[in-house]
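Each remark here refers to the structure printed beneath this line.
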Amino acid sequence: METQQMTTLVGVLDQKMNRQLKQYLDICARCAICKDACHQYVATQDFKYLPARRAELIRQIYKKYFTKTGEFVPALYEARDPDENLLDELYESTYACTGCRRCMYYCPFSIDTAWILSVAKAILIAAGKGNEMLGQLADAALFKSDNFEMFKDIIVDGFKDIEQQVKGLTGDPDAEIPVDKQGADILYVALAGAHSILPAAVIFHEAKVSWTLSYFEAANYGYFFGDAVKARKIADRFMDEAKRLGVKEVVITECGHAYRVAEIFHEAWSGEKHPFKVRHILEVIDEYITDGRIKVRPDAIKEPVTYHDPCQIGRNGGIFEQPRNIVRALASDFRDMTPNREQQWCCGGGGGLVAISEMDEFRIKSGTIKAEQIKATGARIIASPCENCRLQMEGLNDSMELGIEVKAIMDLVLEAMPLPGSFAKDASTD
Amino acid sequence: METFLNISAVYGVYLSISVFVIGMSWRTYQWATTPKSPVRLGMFPKPKTGAGRVLKMLKDTLIAPQSARIEPLMWAFAFAIHVAALGAFIGHGRLLHEFTPLVTWLGEDGMNTFAAWSGGTAGIVMLAAVVFWIARRTFGPFKQLSVPEDYLLLALLFGVIIMGDHMRFVGTIHAATYREWFQSLLVFKPEIPAEILGSSTGWSLGAHMLFTDLFLIYFPFSKLVHAVGAFSANLVRSE
Amino acid sequence: MSEEMKADLELDLKGLLCPMPMVKVSQNIASVAVGGTIRAVATDPGSMADIPAWAKSTGNELISAEKIDGEFVFMVKRLK
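Chains as they are written, first to last, in numbering that gives the first Met the number 0: chain A, 0 to 429; chain B, 0 to 238; chain C, 0 to 79.
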């Protein structure tokens with residue numbers, strides 16, 4: 000490899016250097032306590048997925064170029080150049096990581112391996128070795144906003160189709176999906192898919208709140224790809240919209256990473272405080288149920304239901320109880336998985352992995368523990384508020400014949416709401 | 000022997016302590032002056048108050064309850080060696096000054112018995128933990144993950160402990176004699192007592208100090224900087 | 000128009016939720032030769048913006064995107 004490229008890559012590490020990263024790289028004792036925290040390592044026993052090993056690849060570059068001892072005695076640390084070999088290893092270890100941060104939970108020094116790997120992604124991208132699929136998806140999202148006039152009518156047409164269904168379900172011919180509504184209280188940011196828009200529209204309608212739907216989806220492949228500039232721009236699309244409309248809060252749909260990007264990353268990236276709150280839709284729905292703004296039938300779901308904490312919402316987002324409150328409010332048999340909440344096992348679908356077909360087999364295998372956990376509950380329905388988790392668990396359901404139904408929480412809420420439309424549906428299926 | 004002791008137990012002590020203090024200060028200064036990540040890297044649930052965060056940080060750093068849950072044996076040895084090392088460090092305080100209140104309370108003989116038992120226990124616990132760590136790094140993923148730095152540190156630590164244990168269990172020289180030597184270092188008039196020079200245990204002291212010097216000199220350039228870094232890294236956990 | 004053209008690869012993306020239809024088209028584009036075509040049928044309305052945006056941003060050609068009987072039908076030509 001050209002020396003010049005290596006210099007560039009070392010420069011990327013220098014540019015990304017901060018106190019936390021430096022400490023993480025300096026203090027890891029390679030005790031490998033993180034070994035059994037990682038679902039991918041546990042399921043495959045493959046060394047390249049051991050969390051400390053993934054970080055060690057960056058540490059090898061750091062030792063050689065950022066420490067005197069590593070510069071003079073590289074052998075002591077196995078310090079080395081960011082050459083082709085290292086980059087190939089780095090690619091495998093880095094893009095496989097779902098960013099669940101379970102290793103950080105168990106680490107005696109709380110080393111954030113996922114954060115180290117976000118720097119690894121920046122290095123890989125600079126070397127032209129970023130994951131192609133994730134990069135394409137990020138670019139497609141930006142293309143939509145950069146050429147917004149080309150897509151505006153198509154996007155709004157899609158919303159109109161869904162609006163018809165909202166009218167049907169609510170029995171209100173005036174029910175609507177407001178778009179671009181100045182002064183609305185809530186800007187709801189969904190995914191591109193109708194499934195994330197319809198139930199929320201019904202819930203907002205029934206709760207009689209002033210809301211408007213974002214033109215843009217919350218999903219952020221720039222974040223998975225590892226390009227902080229693109230990730231920020233993708234989030235800017237609806238953050239700017241929220242500012243322009245003057246909303247009081249931005250509500251993110253049932254999605255994991257998008258919530259964390261909006262609530263935790265975006266202010267740091269943009270360097271300014273949001274003039275509005277950012278909440279997850281499940282926080283909002285829990286509040287509506289508690290305040291009696293929407294009604295759910297208490298025994299609407301009689302089959303046993305379990306809940307999977309998505310990493311980006313639970314351990315990394317701080318939302319543990321609201322989804323459980325919602326499920327308990329409408330299901331008569333709720334069963335938690337063991338372990339759960341901050342100790343929950345990653346399902347294996349995060350980090351954009353569901354979009355990378357080369358990883359399909361590995362991804363399903365890495366979900367073995369989650370599948371066992373689900374089986375142990377005896378639940379027939381698994382509810383989870385993250386699209387990637389649900390796709391993964393549907394994959395696990397098919398390949399390991401779990402015989403479960405994978406549902407979004409909003410779908411359960413919709414089923415449990417006494418709506419004229421849904422009564423009609425119930426009656427027809429009885 | 001005198002030359003050896005002059006190197007390891009006199010000049011080596013001055014050198015290693017200087018390198019250690021300057022090195023650790025420099026490392027801490029480097030961390031403190033590197034800008035923080037603008038992104039909050041904390042995880043949930045997290046304490047709501049500043050005091051709660053500090054308490055959690057101390058608990059995570061000093062007890063590491065999460066690590067105990069995932070690999071209890073590793074945690075037990077790691078916890079034991081840190082506690083034993085702390086105990087041994089405090090015990091070495093006798094070189095600065097006799098623990099007079101303890102002597103008054105236990106009597107001269109009682110103090111010696113107590114020192115023999117506490118020092119001996121710490122020495123054995125540390126030896127067992129280091130042997131466990133060395134053994135753990137000889138197979139499977141632990142071996143794959145290890146780099147020469149890991150073995151070097153364990154080897155130095157093994158040397159420090161085994162020679163310390165030798166002085167404790169085999170040597171016949173009492174603390175008062177070592178105190179003479181150590182206090183002479185403190186006032187920069189180094190002198191090695193004749194009793195040490197005249198005993199074969201002098202070689203043990205020399206070796207113990209040589210390993211200790213090397214360990215302290217390497218400390219600021221190794222992963223052992225977690226002694227300071229673990230506190231701030233664990234504070235980031237609840238940021 | 001799209002019905003008259005014979006595609007090199009047919010993708011049934013019905014029932015997939017966005018962004019998965021776009022992901023599937025993207026994953027499969029490499030399996031047709033340069034100049035080859037994919038015909039994809041999706042049911043999620045979000046795909047009407049997603050798939051064209053993907054085609055344009057990746058430098059492939061969107062030959063058509065139509066709504067037929069509540070389904071969304073795309074013809075995409077691989078250009079590179």
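All C-beta atoms in this analysis are idealised placements derived from N, C-alpha and C, irrespective of residue type, glycine included.
Cβ neighbour criterion (16 or more within 10 Å) applied to residue i
{"i": "B:Phe76", "result": "buried"}
{"i": "A:Met8", "result": "A quick correction: the sequence has Leu, not Met, at residue 8 of chain A. Classification of A:Leu8: buried, given that the 10 Å Cβ count is 16 or more."}
{"i": "A:His265", "result": "buried"}
{"i": "A:Lys272", "result": "exposed"}
{"i": "B:Trp25", "result": "exposed"}
{"i": "B:Val20", "result": "exposed"}
{"i": "C:Leu15", "result": "buried"}
{"i": "C:Asp68", "result": "exposed"}
{"i": "A:Ser427", "result": "Only weak support is given to the placement of A:Ser427: the predicted model assigns it a pLDDT of 39, under 50, and the value that follows is read from those uncertain coordinates. So A:Ser427 counts as exposed."}
{"i": "A:Ile380", "result": "buried"}
Minimum Cβ-Cβ distance from residue i to chain C less than 8 Å
{"i": "A:Gln59", "result": "no"}
{"i": "A:Ser398", "result": "no"}
{"i": "A:Asp138", "result": "yes"}
{"i": "A:Ile176", "result": "no"}
{"i": "A:Leu352", "result": "no"}
{"i": "A:Ser431", "result": "Any answer about residue 431 of chain A is impossible in this case: the structure gives chain A only from 0 up to 429."}
{"i": "A:Met132", "result": "yes"}
{"i": "A:Gly394", "result": "no"}
{"i": "A:Leu190", "result": "yes"}
{"i": "A:His194", "result": "yes"}
{"i": "A:Ile154", "result": "yes"}
{"i": "A:Gly347", "result": "no"}
{"i": "A:Gly157", "result": "yes"}
{"i": "A:Phe224", "result": "no"}
{"i": "A:Ser356", "result": "yes"}
Contact under 8 Å by Cβ, residue i with residue j
{"i": "A:Val41", "j": "A:Ile368", "result": "yes"}
{"i": "B:Arg178", "j": "A:Ile263", "result": "no"}
{"i": "A:Gln135", "j": "C:Thr42", "result": "no"}
{"i": "A:Val228", "j": "A:Val201", "result": "no"}
{"i": "B:Ile160", "j": "B:Leu126", "result": "yes"}
{"i": "A:Asp410", "j": "A:Pro198", "result": "yes"}
{"i": "A:Ala407", "j": "A:Pro384", "result": "yes"}
{"i": "B:Met0", "j": "B:Leu196", "result": "yes"}
{"i": "A:Lys232", "j": "B:Trp30", "result": "no"}
{"i": "A:Ser109", "j": "B:Asp149", "result": "no"}
{"i": "A:Thr376", "j": "A:Thr305", "result": "yes"}
{"i": "A:Tyr61", "j": "A:Leu24", "result": "yes"}
{"i": "B:Lys45", "j": "A:Ile26", "result": "no"}
{"i": "B:Pro189", "j": "B:Ser183", "result": "yes"}
Contact belief for residue i with residue j at Cβ below 8 Å, rounded distance in angstroms
{"i": "C:Ala52", "j": "A:Lys151", "result": "Between A:Lys151 and C:Ala52 the Cβ distance is about 12 Å, and since that is not below 8 Å, they are no contact."}
{"i": "A:Pro177", "j": "A:Trp210", "result": "7 Å"}
Closer than 8 Å to chain B by CB, residue i
{"i": "A:Lys369", "result": "no"}
{"i": "A:Asp111", "result": "yes"}
Short CB-CB distance (under 8 Å) between residue i and chain A
{"i": "B:Phe220", "result": "yes"}
{"i": "C:Ser30", "result": "no"}
{"i": "C:Ser1", "result": "Low local confidence applies: a pLDDT of 45 at C:Ser1 is under 50, so the model's placement there is unreliable, with the coordinate-based value given in what follows. It does not: the Cβ of C:Ser1 has no partner Cβ on chain A nearer than 8 Å."}
{"i": "C:Leu10", "result": "no"}
{"i": "C:Thr57", "result": "yes"}
{"i": "B:Arg52", "result": "no"}
{"i": "C:Val22", "result": "yes"}
{"i": "B:Pro46", "result": "no"}
{"i": "B:Pro37", "result": "yes"}
{"i": "B:Phe168", "result": "no"}
{"i": "B:Asp108", "result": "no"}
{"i": "B:Trp30", "result": "yes"}
{"i": "B:Phe113", "result": "no"}
{"i": "C:Leu61", "result": "no"}
For the pair the segment 157 to 165 of chain A and the segment 97 to 115 of chain A, tell me if three or more CB-CB distances fall below 8 Å. no
If you pair each beta-carbon of the segment 61 to 69 of chain B with each one of the segment 98 to 105 of chain A, do three or more pairs fall below 8 Å? yes
Inter-stretch contact at 8 Å, needing at least 3 Cβ pairs: the segment 68 to 76 of chain C / the segment 19 to 37 of chain C: yes
Would you be able to state if there are at least three C-beta pairs under 8 Å between the segment 109 to 126 of chain B and the segment 134 to 145 of chain B? no
Below 8 Å, can you find three or more Cβ-Cβ pairs linking the segment 338 to 346 of chain A to the segment 291 to 309 of chain A? yes
The segment 184 to 193 of chain A / the segment 211 to 227 of chain A touching (three or more Cβ pairs under 8 Å): yes
Taking 8 Å as the cut-off, does the segment 87 to 101 of chain A touch the segment 117 to 127 of chain A (at least 3 CB pairs, one atom from each stretch)? yes
Measuring CB atoms only, is the segment 109 to 117 of chain B touching the segment 81 to 99 of chain B, in the sense that at least three cross pairs come out at less than 8 Å? yes
For the pair the segment 313 to 326 of chain A and the segment 397 to 405 of chain A, tell me if three or more CB-CB distances fall below 8 Å. no
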